[in-house]
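Residue numbers (the numbering used here): 5 to 314.
Below is one structure, written out as structure tokens, with a few remarks after it.
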Amino acid sequence: MRFRRPLLAASAATLVAILAGCGGGGGGGTVTADGSSTVGPYVTAAAEGFRDVQPDVNVTVGISGTGGGFERFCRGETDLSNASRPIKDEEAALCEENGVEYVEFQVANDALTLVVNPQNDWATCLTVDELRAIWKPGSKIRSWNQVRDSFPDVPLKLFGAGTDSGTFDYFTDVIVGEEGASRTDYSPSEDDNVTVQGVAGTKGGLGYFGFSYFEENQDTLAAVEVDGGDGCVAPSVATAQDGTYTPLARPLFVYVKKESFARQNVEGFIKYVLDNETTIAAQAQFVPLNAEQLAEQKQKFEETLSEAGS
């Protein structure tokens with residue numbers, strides 16, 4: 005069984021230091037990032053490439069969940085906040101209260117992926133209505149034959165994102181219909197590797213996380229196609245980019261503190277990310293931005309650069 009790199013299986017309080025650098029920036033020092041376990045592998049891959057160009061910049065990547073990352077970011081403790089959803093109003097209010105101004109950059113796309121144990125040869129495709137019935141608050145579904153009559157009487161064991169995760173927020177919003185609304189009798193974790201292990205070890209297991217974690221562990225897991233109303237569609241790079249994987253295709257973000265952006269090392273790191281977005285996405289097994297999305301982010305970078313007076 006393969007799991008995501010050990011450095012990303014760290015606890016929420018653990019920061020992983022990576023020596024990194026960039027072209028066009030520099031000045032040494034440290035760049036601090038924290039937040040989403042989904043976006044973490046992307047930023048880590050960027051930092052690993054970044055160090056090859058200028059190794060005197062120290063980039064740290066923490067994995068505390070999107071919500072935990074925004075808490076630190078809006079207290080002014082980090083330069084970057086990795087997020088698998090847009091910032092919430094209350095989080096933006098905390099940033100404003102603390103004088104933290106920021107810029108949102110979309111860095112990749114994702115196909116939030118439902119996975120089952122390889123022994124599960126019946127649930128090859130699930131409808132959004134079936135998923136809602138499984139995951140809604142108070143759901144009494146305990147066996148697969150309660151999901152669909154043709155399914156076997158195998159106990160259903162659920163695994164998923166912890167409540168501090170942007171993945172949890174997004175999944176409950178688009179599947180259950182209300183952000184944060186979920187049955188509570190499942191195995192939650194901010195560490196997606198725990199979900200991988202749980203589903204891989206349970207015949208009737210069902211879980212969800214970002215596409216890159218499925219790609220990393222597809223030898224021990226099977227992806228479930230989703231019917232959002234127009235037929236069954238599998239999660240993939242193509243379906244996430246063309247919009248057919250509904251409603252589970254989503255954007256992924258890095259938020260940058262404007263005060264930090266004025267520093268050469270932070271500016272240089274973001275420039276490196278945007279200049280090498282497709283390569284980084286491929287290395288970290290993410291869905292890259294399409295041409296229009298990437299052009300929009302580069303334009304935003306130039307505008308932020310101009311505002312910073314660089």
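Backbone N, C-alpha and C define an ideal beta-carbon position, used for all residues, glycine too.
Just so it is clear, the structure is predicted and the values come from calculations on it, not from any experiment.
- Within the same chain, and ignoring the five residues on either side of Ile145 in sequence, the residues whose Cβ sits closer than 8 Å to its Cβ are Ala137, Ile138, Val151, Leu160.
- A distance of 7 Å or more separates the beta carbons of Asn121 and Gly33.
- In this structure, the CA atom of Val178 is about 6 Å from the CA atom of Pro251.
- Taking 4 residues as the minimum length, the alpha helix (DSSP H) runs contained wholly in the segment 93-118 are 93-101, in order along the chain.
- Here Asp114 is buried: its Cβ has 16 or more other Cβ atoms, across all protein chains shown, within 10 Å.
- With a cut-off of 8 Å on Cβ pairs, the segment 78-97 is not in contact with the segment 215-235, counting fewer than three such pairs.
- Bounds of the alpha helix (DSSP H) holding Arg136 are 132-139.
- Considering only Arg89, Val241, Val200, Ala96, the residue with the shortest C-alpha distance to Thr176 is Arg89.
- Per the coordinates, the alpha-carbon of Val158 lies some 14 Å from the alpha-carbon of Gly205.
- If you draw a straight line from the Cα of Phe163 to the Cα of Arg254, it comes to about 20 Å.
- Its chain contains Phe163, Gly202 as the residues whose beta carbon lies nearer than 6 Å to that of Ser191, once the 5 sequence neighbours on both sides are disregarded; these appear in chain order.
- The DSSP-derived three-state label of Ala312 is helix.
- Annotation for Glu81: no alpha helix (DSSP H) segment contains it, and DSSP assigns it neither H nor E.
- In this structure Gly53 is not in contact with Asn197, their Cβ atoms being roughly 23 Å apart against a cut-off of 8 Å.
- The distance from the Cβ of Asp246 to that of Cys129 is about 19 Å, inconsistent with a contact at the 8 Å cut-off.
- Put simply, the backbone Cα of Val107 is about 13 Å away from that of Glu300.
- Boundaries of the alpha helix (DSSP H) harbouring Phe54: 44-54, taken from the DSSP string.
- CA-CA distance, Ser68 to Leu278, rounds to 24 Å.
- Excluding five sequence positions before and after Gly214, the CB atoms of its chain that fall closer than 6 Å to its own CB belong to Thr42, Asp114, given in chain order.
- For Val63, the closest alpha carbon among the candidates Glu296, Asn269, Gln303, Glu306 is that of Asn269.
- Annotated as distal: Phe290 and Ser169, with beta-carbon spacing of 7 Å or more.
- The three-state secondary structure of Asn149, taken from DSSP, is helix.
- For the pair Phe265 and Thr117, the CB atoms are not nearer than the 7 Å cut-off.
- DSSP places Tyr212 in the uninterrupted beta strand (DSSP E) bounded by 209-213.
- Within the DSSP secondary-structure output, Val35 pairs in a beta bridge with Val63.
- Rounded to whole angstroms, the Cβ separation of Val57 and Phe273 is 10 Å, and the two are not in contact under 8 Å.
- Relative to Glu75, the option among Ala96, Ile284, Asp60 whose CA is nearest is Ala96.
- Here Leu256 carries a strand assignment [DSSP, helix/strand/coil].
- Excluding its 5 nearest sequence neighbours in each direction, Ala238 has C-beta neighbours in its own chain below 6 Å: Glu229, listed in chain order.
- For the 7 Å CB-CB criterion, Ala49 and Gln287 form a contact.
- In the DSSP assignment, Pro192 forms a beta bridge with Gly164.
- Assigned with DSSP and collapsed to three states, Glu229 falls in strand.
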